[in-house]
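Visitor: So that you can map any letter, position 167 of the sequence shown is 1141 in this note's numbering, and since no number is skipped, the others follow by simple counting.
Could you have a look at this structure, given as structure tokens, before my questions?
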Amino acid sequence: MEEAPLPPGSSKPHLEKLTLGVTRILESSPGVTEVTIIEKLPAERHMISSWEQKNNCVMPEDMRNFYLMTNGFRMTWNVKLDENIIPLGSMVINGISKLTQLSQSSLYSLPNAPTLADLEDDDEGNEDQPEKPHFDSRSVIFELDSCNGNGKVCLVYKNGKPGLPHDTEIWFLDRALYWHFLTDTFTAYYRLLITHLGLPQWQYAFTSYGISPQAKQWFSMYKPVTYNTDLLTEESESFVNKLDPSKVFKNKLSVPKKKGTVQPAGAQKGPGPSAPPTPKPSSGSGNPVRK
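As structure tokens, then:
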């Protein structure tokens, strides 16, 4: 058996450590259901050595240790809205067999489509950002996650073959084939993946144009563990609906009952004349005051 899903609510010590405890955070969140981890066997050392020899690249040490613990990673979770189950969160790290090199055929299928080399002319350098990967032999690129069709997270060897472990970075390739830097190391990327809870399009938070309005709805409801919440405020307030989880997920949240109004000391204790209210000056049409 290469992989097996764990039922919701069950966990193993090494998986709890692998997920940094976010399973408990998700299971206690309103509306979240079916938090599932696909348990995978550890990769054998000869599988890593075979991959390195085949691709003429040395795997980074932190990434090697990850695969020696689990040959890939997959964790998903759903939400329940009006009795409908909606797949929402997805966290994926490809196994070694699917850690394949990005090539022309994997990006384009049309015979007359432009080549990847044509895109190099459109790349403008930016001194504030790391040098972007190249689609030619100057860089070697491997796919870590297909992001459910929203782009590709890639392990990039910046200086071509032979690939050395200290020359690696993690980049996000969006659907328009623009590169966006994520992290320097695999470990740092893995933490980003887990702490963003696998929310849809979370990688676009690291682009200049950000996540879509629909994704912002989910971000505002299930805020990642480490996320710049300023991106969800200010200009975004004009089109992001503020949902009340207590109303959306009535079956999981208990709304406390409102207590009666407490009368201040010195208030009426019995029948008797009461002083008339002091009239307040008004300017123009008065606005009702909410209590």
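Positions of the beta carbon are idealized from the N, C-alpha and C atoms, including for glycine.
Could you check how far apart the C-beta atoms of Leu1167 and Trp1192 are, in whole angstroms? I think they sit under 8 Å.
Guide: Not confirmed; about 16 Å, so no contact.
Visitor: Do Ile1067 and Asp1119 have their C-beta atoms within less than 8 Å of each other?
Guide: In this structure, Asp1119 lies closer than 8 Å to Ile1067 by Cβ.
Visitor: In chain order, what residues of the same chain lie with their CB nearer than 7 Å to the CB of His1154, ignoring the 5 residues before and after it?
Guide: The residues are Trp1145, Phe1146, Asp1148, Phe1180 and Thr1181.
Visitor: Buried or exposed for Leu1015, please, with buried defined as at least 16 other CB atoms from any protein chain shown within 10 angstroms of its CB.
Guide: Exposed is the call here.
Visitor: Report yes or no: do the region 1004-1022 and the region 1053-1063 share at least 3 C-beta pairs separated by less than 8 Å?
Guide: Output reads yes: the region 1053-1063 touches the region 1004-1022.
Visitor: May I ask you to report which of helix, strand or coil DSSP gives Ser1080?
Guide: Caution applies to Ser1080, whose pLDDT of 49 falls short of 50 and renders its modelled position unreliable; the model cannot decide the point.
Visitor: When you compare the CB positions of Val1032 and Leu1138, do they come within less than 8 Å of one another, or not?
Guide: For Val1032 and Leu1138, yes; Cβs fall inside 8 Å.
Visitor: On the criterion of 16 or more Cβ atoms from any shown chain inside 10 Å, does Pro1107 qualify as buried, or is it exposed?
Guide: Classification of Pro1107: buried, given that the 10 Å Cβ count is 16 or more.
Visitor: If the criterion is Cβ atoms closer than 8 Å, does the pair Lys1132 and Glu1143 meet it?
Guide: It is a contact, given that the beta carbons lie within the stated cut-off.
Visitor: Quick one: complete beta strand (DSSP E) runs, 3+ long, within the region 1116-1158?
Guide: If we require 3 residues or more, the beta strand (DSSP E) runs fully inside the region 1116-1158 come out as 1125-1131, 1142-1148 and 1153-1157.
Visitor: Look at the alpha carbon of Val1053 and the alpha carbon of Ile1059, and state the distance between them as a whole number of angstroms.
Guide: Their Cα atoms are separated by approximately 6 Å.
Visitor: Using three-state DSSP, classify Ser1064 as helix, strand or coil.
Guide: Note: Ser1064 maps to strand in three-state DSSP.
Visitor: For Ser1111, which residues of its own chain have a beta-carbon under 7 Å away from its beta-carbon, when the five flanking residues on both sides are left out?
Guide: Counting only Cβ-Cβ distances below 7 Å, and skipping sequence neighbours, we find Gly1134.
Visitor: With burial defined as no fewer than 16 other Cβ atoms inside 10 Å of the residue's Cβ, what is the status of Lys1028: buried or exposed?
Guide: Exposed, because fewer than 16 other Cβ atoms sit within 10 Å of the Cβ of Lys1028.
Visitor: Could you please give the first and the last residue of the uninterrupted beta strand (DSSP E) stretch that includes Lys1014?
Guide: Note, Lys1014: beta strand (DSSP E), Val1006 to Lys1014.
Visitor: In chain order, what residues of the same chain lie with their CB nearer than 7 Å to the CB of Ser1113, ignoring the 5 residues before and after it?
Guide: Cβ within range, chain order: Pro1107, Val1130, Tyr1131, Lys1132 and Gly1134.
Visitor: Checking 8 Å against the spacing of the C-beta atoms, do Ala1189 and Gln1177 come in under that value?
Guide: No; because the gap between Cβ atoms is not below 8 Å, this pair is not in contact.
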